[in-house]
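Structure, as structure tokens:
Numbering (this note's numbering), first residue to last: 60 to 504.
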């Protein structure tokens, strides 16, 4: 009797491959993962020791959040290769709450918003029918294009205000990383080819070390073991206004989670169903609650890693679960985190150019399946992609917006998704419901 074929998403790879592919994911997302606690801590005037505590707590809960999303239990977790990290969407609201109400109110609002997200998950998962291929393709394309400023910042050195930002040495280092990544990807197949990003990161780091462009002093300074205690900054406080502000941020995060799950479903060949989306929202909510309890923040899928899946073609969720386990260890053993942090940002930028471009290509491939002749799909794509990249292409455009409106306008993925959905409903009223639901007929939350 033939054994049923395991879907690539559910394939358990050998331990060596799980570790190396998982480490590749961690290296890609690390800079973004520590940015939120670093920026928040500095904005609120925390001491260096308190900022380190936030970073370690963030790595620990990022690992737990990733394990929940990839492995899942009951109705929590998309069970897709989705890596979780602190959401940049919630950064501005948290700074605003922290300055006006205090850090304990930030954590209280995070916990409450996480609980509200779990409650709203069944409702928001039903919106999947508004995501036919023309909307999905537009959204994935917007995600890829919107990531390019991050790649540019990393390529220039990581800090646009620094005197050496964009220095020829940084650009050449990033270019060398791109070249190594492309050579490995083009010349090798199988296991080695799939590790092209990791090899590019390692070779780029070695080149940087040879020219004195990377430093490992922080590795020696970091503690061997450190456990961040829950509620280290005091008992979380709950007030109506901070909770409402954070809940609005979580609504935007759910819109981005929808886009990321649809993108990963497209890349892996495992279409996102209504149930999958609801379980992903519940995992976001639970992880966010745990974040608030353990001195961390709201979580969502890290878009940076979507491109890595497209490039490596490794689709196993257990690989990303291994990445979650590595992050958890980094949160417990700060020396590991400090070692990963030594990877120069121009090296990350070089790899990001390739990976983020692959995300854009995935969106273009999805759009290539859309029928344009005899339909109004072309104008849906044209306007939604244009609107979606506005916040990225010229951030000052929405500088006059304040409060909740500013939060919405700064998210290109949210703007693009809303525009594509509304235009599709107005211009294609007779188009069939999203094809992704055909695989989930009869599946309800």
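Cβ atoms here follow ideal geometry from the backbone N, Cα and C, with glycine treated the same way.
Residue from the options with nearest C-alpha to residue i
i           : options               : result
residue 212 : 378, 460 and 403      : 403
residue 236 : 260, 250 and 253      : 260
residue 514 : 445, 164, 433 and 453 : For residue 514 there is no data in the structure shown, the boundaries of the chain being 60 and 504.
residue 334 : 66, 169, 186 and 117  : 186
residue 311 : 344, 329, 299 and 297 : 344
residue 129 : 243, 214 and 323      : 323
residue 75  : 183, 251 and 473      : 251
residue 293 : 351, 302, 368 and 73  : 351
residue 214 : 204, 203, 199 and 234 : 234
residue 113 : 283, 200, 155 and 391 : 391
residue 87  : 143, 161 and 135      : 143
residue 266 : 297, 239 and 221      : 239
residue 485 : 449, 470 and 439      : 439
residue 288 : 349, 330, 157 and 296 : 349
residue 263 : 410, 102 and 470      : 410
residue 203 : 422, 188 and 119      : 422
Segment limits, beta strand (DSSP E) that includes residue i
i           : result
residue 487 : Careful: residue 487 lies outside any beta strand (DSSP E) and carries neither H nor E.
Opposing strand residues paired with residue i [DSSP bridges]
i           : result
residue 145 : 358
residue 270 : Note: residue 270 sits in no beta bridge, so no partner.
residue 453 : None, per the DSSP bridge assignment.
residue 135 : 132
Bounding residues of the alpha helix (DSSP H) (the contiguous stretch that carries residue i)
i           : result
residue 169 : 162-184
residue 401 : Neither: residue 401 is in no alpha helix (DSSP H) and is coded neither H nor E.
residue 376 : 376-391
residue 341 : 333-352
residue 367 : 363-371
residue 225 : It is not in any alpha helix (DSSP H) - residue 225 carries neither H nor E in the DSSP assignment.
residue 130 : 107-130
residue 311 : 299-327
residue 290 : Looking at the DSSP string, residue 290 is not in any alpha helix (DSSP H), and its letter there is neither H nor E.
residue 282 : Run containing residue 282: none; DSSP gives neither H nor E here.
residue 197 : 192-205
residue 189 : Looking at the DSSP string, residue 189 is not in any alpha helix (DSSP H), and its letter there is neither H nor E.
Cutoff 7 angstroms; reference residue i; Cβ partners in own chain excluding five residues on either side
i           : result
residue 443 : 197, 475, 478, 479 and 482
residue 207 : 415
residue 429 : 192, 193, 196 and 436
residue 152 : 304, 305, 308 and 466
Alpha-carbon to alpha-carbon, residue j and residue i
i           : j           : result
residue 231 : residue 386 : 30 angstroms
residue 172 : residue 105 : 24 angstroms
residue 85  : residue 125 : 11 angstroms
residue 116 : residue 176 : 22 angstroms
residue 274 : residue 453 : 34 angstroms
residue 8   : residue 97  : No answer is possible for residue 8: it lies beyond the span of the chain, which begins at 60 and ends at 504.
residue 64  : residue 137 : 20 angstroms
residue 109 : residue 326 : 39 angstroms
residue 182 : residue 284 : 42 angstroms
residue 32  : residue 199 : A query on residue 32 cannot be resolved here, the shown segment of the chain reaching from 60 to 504 and no further.
residue 258 : residue 376 : 21 angstroms
residue 491 : residue 448 : The pLDDT assigned to residue 491 is 46, lower than 50, so where the model puts this residue is not dependable; a value taken from the coordinates is nonetheless given after this. So the two alpha carbons sit approximately 27 angstroms from each other.
Contacting residues, own chain, Cβ-Cβ under 6 angstroms from residue i (five flanking each side not counted)
i           : result
residue 366 : 414, 415, 417 and 418
residue 361 : 88, 142 and 144
residue 337 : 180, 181, 184 and 504
Close-in-space but distant-in-sequence residues of the same chain around residue i (CB under 8 angstroms, 5 per side omitted)
i           : result
residue 370 : 244, 255, 256, 413, 414 and 417
residue 216 : 223, 224, 225, 226, 229, 404 and 405
residue 378 : 72, 76, 77, 80, 81, 84 and 140
residue 298 : 160, 164, 167 and 168
residue 249 : none
heavy atom of the ligand GTP below 7 angstroms from residue i C-beta
i           : result
residue 477 : Ligands in the displayed structure: none, and consequently the ligand GTP is not present.
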